[in-house]
């Protein structure tokens, strides 16, 4: 069963992204939004090998470059990802 993990908190202020990475499976994906977009600086995301997406509006608001290993989605793309995965887990 595939899961879309939504992370919206900065990896510099807590360990939600690290916890998410520990439970991500091969068929899962991570969507970074809000301050979670700062997770694009986390080398462990690329090393883990899971699909990583970032909400374009939030990345642009923080003037962050888009790494080659991450995909960018708009709000309709976010909705589509929610449909494409069996479950959505928001790391509150």
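In this note's numbering, the protein residues as written are 346 to 437.
Glycine is no exception: its CB is placed at the ideal position from the N, C-alpha and C atoms.
For this session: Can you give me the Cβ contacts of residue 389 inside the same chain, cut-off strictly under 7 Å, excluding the 5 residues immediately before and after it?
Result: To locate residue 389, count along the chain shown from 1; it is residue 44. If we look at residue 389 and ignore the five residues flanking it on each side, its Cβ neighbours are 366.
Exercise. If residue 426 and residue 374 are in contact, beta carbons under 8 Å, what's the gap, nearest whole angstrom?
Worked result: Locating residue 426 in the chain shown gives position 81, counting from the first residue. Locating residue 374 in the chain shown gives position 29, counting from the first residue. Confirmed, about 7 Å.
Exercise. Near residue 378, which residues of its chain fall below 7 Å by C-beta distance, leaving aside the five closest residues on each side in sequence?
Worked result: Position 33 of the chain shown holds residue 378. Once the five neighbours on either side are set aside, the close Cβ partners of residue 378 are 351, 353, 400 and 403.
Exercise. If we count the other Cβ atoms within 10 Å of its Cβ and call it buried at 16 or more, is residue 397 buried or exposed?
Worked result: Counting from one through the chain shown, the residue named residue 397 turns up at place 52. Within a 10 Å sphere around the beta-carbon of residue 397 sit 16 or more other beta-carbons, which makes this residue buried.
For this session: Please say whether residue 348 and residue 432 have beta carbons closer to each other than 8 Å?
Result: Against the chain shown, residue 432 aligns to sequence position 87. Against the chain shown, residue 348 aligns to sequence position 3. Against a cut-off of 8 Å, the Cβ pair of residue 348 and residue 432 comes out as a contact.
Exercise. What three-state label does DSSP hand residue 423 in the structure shown?
Worked result: As a working mapping, residue 423 is identified with position 78 in the chain shown. Looking at residue 423 - three-state DSSP - the assignment turns out to be helix.
Exercise. Since residue 395 is in the alpha helix (DSSP H), which residue starts that stretch and which ends it?
Worked result: Taking the first residue of the chain shown as position 1, residue 395 is located at position 50. That residue, residue 395, is in no alpha helix (DSSP H); it is neither H nor E in DSSP.
Exercise. CB residue 362 to CB residue 381, shorter than 8 Å?
Worked result: Numbered from 1 along the chain shown, position 17 holds the residue referred to as residue 362. Numbered from 1 along the chain shown, position 36 holds the residue referred to as residue 381. Going by C-beta atoms, residue 362 is nearer than 8 Å to residue 381.
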